[in-house]
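Peer 1: Throughout, the numbering used here is defined as the position within the sequence shown, counted from one, plus 932.
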Amino acid sequence: MNTRRFFFAVMIIISVATGALGMISIMKLRLRSDDVGVRIVRLERSIADAKKELDALKRQRDISQDTVKLSEKAGEKFKLPKPEQVTWLRVSGPTLPTTSARTTPSPRVAALDLTFRPPAEMGGPRSR
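1. Can you give me the C-alpha to C-alpha distance between aspartate 981 and valine 973, rounded to a whole angstrom?
2. So what's glutamine 997 in DSSP terms, helix, strand or just coil?
3. Going straight from the alpha carbon of arginine 964 to that of aspartate 998, what length do you get?
4. Rounded to whole angstroms, what is the Cα-Cα separation between arginine 937 and alanine 949?
5. Which of the three DSSP states, helix, strand or coil, is assigned to lysine 1014?
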């Protein structure tokens, strides 16, 4: 009986020690992952700064080579014309013949007429 208690006590101590070692290793792993995360953030910031510097240098190069003026000149072709150059046309809508209320079919009859028309009258065999 004494060996059985000793065995259970040893097993409990081993399981507690294993749990403690596991928690310690997990904490170390989290600390390492935090360090890696900090490094990644630093690298992303340095990349963003490098991109900003590169864009600024490209702008300075474009200004020094007058390519900005060339792009502005090309953009002039696509500007809207001045109002004096535009000819305004007045478009009137098509006039529909007026029909009396007696000859106008009810909406149900009109829907039935549309439903049973052959496809040629409705604009061809297109599907919607």
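Just so you know, even glycine gets a beta-carbon here, dropped at the ideal spot from N, CA and C.
Peer 2: For this structure:
1. 12 Å
2. coil
3. 51 Å
4. 18 Å
5. coil
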